[in-house]
Amino acid sequence: MPDDLREGRIVIVGASLAGLRAAETLREEGFTGSLTVIGDEPHPPYDRPPLSKQVLLGRMAADAAALPMRRDPDAEWRLGVRATGLDPVGKQVLLADGESVTYDRLLIATGTRARPWPNADEAALDGVFTLRTRDDAGRLTERLAAGPRRVLVIGGGFTGSEIASACRERGIEVTLAERGPGPLVGALGGTLSMLAAGMQRAHGVDLRCGVTVTALRGNGRFTGADLSDGSHIDADVCVVAMGAVRNTEWLAEAGLAAGPRGVACDAGCRAFNMYGIVTDDVFVAGDAARFPHPLFEYQMLSLEHWGNAVTQAEVAAHNMVSPEPARRPHLAVPVFWSSQFGLNIKSVGVPTFSDQVVIAQGSLDERRLVAVYGYRGRITAAVTVNMAKWLEYYQGLIETAAPFPPGPGAADGRPLVAAFPIPSNVPDPKGLFHGPTVALTGYLPDRRLTVVRPAD
Numbered sequence: 000m001p002d003d004l005r006e007g008r009i010v011i012v013g014a015s016l017a018g019l020r021a022a023e024t025l026r027e028e029g030f031t032g033s034l035t036v037i038g039d040e041p042h043p044p045y046d047r048p049p050l051s052k053q054v055l056l057g058r059m060a061a062d063a064a065a066l067p068m069r070r071d072p073d074a075e076w077r078l079g080v081r082a083t084g085l086d087p088v089g090k091q092v093l094l095a096d097g098e099s100v101t102y103d104r105l106l107i108a109t110g111t112r113a114r115p116w117p118n119a120d121e122a123a124l125d126g127v128f129t130l131r132t133r134d135d136a137g138r139l140t141e142r143l144a145a146g147p148r149r150v151l152v153i154g155g156g157f158t159g160s161e162i163a164s165a166c167r168e169r170g171i172e173v174t175l176a177e178r179g180p181g182p183l184v185g186a187l188g189g190t191l192s193m194l195a196a197g198m199q200r201a202h203g204v205d206l207r208c209g210v211t212v213t214a215l216r217g218n219g220r221f222t223g224a225d226l227s228d229g230s231h232i233d234a235d236v237c238v239v240a241m242g243a244v245r246n247t248e249w250l251a252e253a254g255l256a257a258g259p260r261g262v263a264c265d266a267g268c269r270a271f272n273m274y275g276i277v278t279d280d281v282f283v284a285g286d287a288a289r290f291p292h293p294l295f296e297y298q299m300l301s302l303e304h305w306g307n308a309v310t311q312a313e314v315a316a317h318n319m320v321s322p323e324p325a326r327r328p329h330l331a332v333p334v335f336w337s338s339q340f341g342l343n344i345k346s347v348g349v350p351t352f353s354d355q356v357v358i359a360q361g362s363l364d365e366r367r368l369v370a371v372y373g374y375r376g377r378i379t380a381a382v383t384v385n386m387a388k389w390l391e392y393y394q395g396l397i398e399t400a401a402p403f404p405p406g407p408g409a410a411d412g413r414p415l416v417a418a419f420p421i422p423s424n425v426p427d428p429k430g431l432f433h434g435p436t437v438a439l440t441g442y443l444p445d446r447r448l449t450v451v452r453p454a455d
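Its first residue numbered 0, the sequence shown is counted upward by one per residue in numbering that gives the first Met the number 0.
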């Protein structure tokens with residue numbers, strides 16, 4: 000590693016939102032060395048949130064979702080080639096085309112990919128889709144524009160619900176199958192899941208909860224699916240929205256604390272190795288990262304959020320080119336949003352880190368509300384539905400570990416709507432087709448060691 004951290008060779012694996020913002024920040028921080036960005040897709044970095052919203056509705060072309068650059072990062076872009084391995088001793092990233100790229104410091108920003116349907120033959124049927132990439136969105140939009148009779152969406156998380164919303168806005172019949180008790184329950188708990196279920200049914204969604212899809216049917220082309228309750232759904236299109244898989248397999252032999260939940264790192268974005276020792280030349284940011292947060296008992300957080308990708312990438316880039324005393328932690332409170340079925344849903348904090356919830360403003364009947372979540376007597380999250388202006392206020396309560404429930408008239412001078420908190424009813428994600436977009440993943444790295452001592 001060079002004596003001057005603003006020189007040398009930095010490689011970013013992941014031509015994503017996090018990768019782009021990190022590259023820009025490195026230059027803004029004064030890095031003058033060589034910078035290489037590696038991405039498995041052939042496209043420059045693009046914005047993913049519009050893919051399940053404006054693109055599916057035909058209001059934006061998939062190739063129009065490119066991310067604007069704040070400045071030219073003066074980087075070598077290696078696009079359309081996948082990283083297949085990491086040699087931390089030789090400090091090389093191994094690529095699928097047989098080449099390798101040498102680094103002094105490395106940023107892992109490989110993000111996630113859509114979880115595929117587990118039966119490969121059924122997943123290969125014409126008409127079965129996932130939605131994660133720009134190309135995914137383009138193909139699905141084209142099929143929706145052709146006017147299918149019915150679309151089957153498997154998974155009631157945010158992506159699945161947004162796809163169902165787009166289908167109904169296009170006038171397409173849609174069935175949504177969710178293994179759990181309701182849509183969004185894995186992310187928001189039982190109370191707001193009831194609101195989401197009511198909205199979906201009010202907009203004509205054939206919502207099937209508490210069932211699994213046992214088989215996708217078709218002879219080369221998808222024609223329908225069998226459900227665990229014995230029923231059958233006839234449909235022309237199936238969208239598998241069963242959550243995401245973190246892209247960490249390429250690190251399997253790298254000796255890092257990397258696994259299905261992400262790459263474990265400290266608050267300064269430095270990756271841990273499998274012995275729990277922090278590295279000083281490998282950093283991680285975005286959806287692939289697991290990092291500790293003091294507001295949530297220092298448990299490791301895994302996020303799939305746009306805002307987190309940006310702020311964590313900026314912190315990682317700053318720390319990569321800064322001496323130890325000038326480094327800073329990534330302590331941003333998670334924030335995300337979704338637009339579906341006429342609802343503008345925004346969240347701050349970790350709703351799944353809760354045991355109770357209270358409707359602090361508005362009501363379920365009005366479809367305008369603020370739900371505040373608590374755990375062991377302090378506020379840990381808030382979710383607004385068509386009342387986004389209050390989000391910043393509740394973020395302040397979360398950041399100061401304010402007591403739960405919030406006091407009467409805490410926000411707008413009116414008493415709490417619900418007199419008493421109720422259980423937040425956050426289910427075990429193992430029983431769902433979808434999981435939380437922000438999850439607490441414990442304190443330990445995924446990689447476990449077995450110490451073998453020779454016999455005397």
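Virtual Cβ for every residue (Gly too), placed ideally from N, Cα, C.
Integer-rounded CB distance, given that N318 should sit under 8 Å from G267: 5 Å
Terminal residues of the beta strand (DSSP E) in which F157 lies: Looking at the DSSP string, F157 is not in any beta strand (DSSP E); the run it does join, the alpha helix (DSSP H), is 157–168.
Straight-line gap, V450 to V212 (C-alpha atoms, nearest Å): The pLDDT assigned to V450 is 47, lower than 50, so where the model puts this residue is not dependable; a value taken from the coordinates is nonetheless given after this. Cα-Cα distance, rounded: 42 Å.
For N118, three-class secondary structure by DSSP: coil
Candidates A325, M198, Q91, of which the one nearest L342 by Cα: M198
Option in H42, P322, L94 with minimal Cα separation from E6: P322
Buried/exposed call for V88, threshold 16 Cβ in 10 Å: exposed
Paired residues, beta bridge with T174 - DSSP: L151, D205
V12 versus P404: straight-line alpha-carbon distance, rounded: 43 Å
Contacts around T140, its chain only, beta-carbon distance under 8 Å, and the 5 residues preceding and following it disregarded: V54, L55, G57, A61
W305: first and last residue of the uninterrupted beta strand (DSSP E) it sits in: No beta strand (DSSP E) holds W305; the alpha helix (DSSP H) holding it covers 305–319.
From G18, L50, K388, residue whose alpha carbon lies closest to that of A165: L50
Proximity winner among A144, S99, G170, P48, relative to E161 (alpha-carbon distances): P48
Own chain, CB closer than 6 Å to N424, minus 5 neighbours either side, in chain order: G188, G189
Contact with chain D by V92, beta-carbon distance below 9 Å: Reference to chain D is not applicable here, since this structure consists of a single protein chain.
Touching by the beta-carbon criterion (3+ pairs, under 8 Å), the region 329–338 and the region 360–379: no
Nearest residue (CA-CA) to H292, options E75, D125, T440: T440
Given 8 Å, three or more beta-carbon pairs between the region 263–278 and the region 143–154: no
Rounded C-alpha distance that separates V437 from S353: 13 Å
Residue from P44, P41, A64, P43 whose Cα sits closest to the Cα of K52: A64
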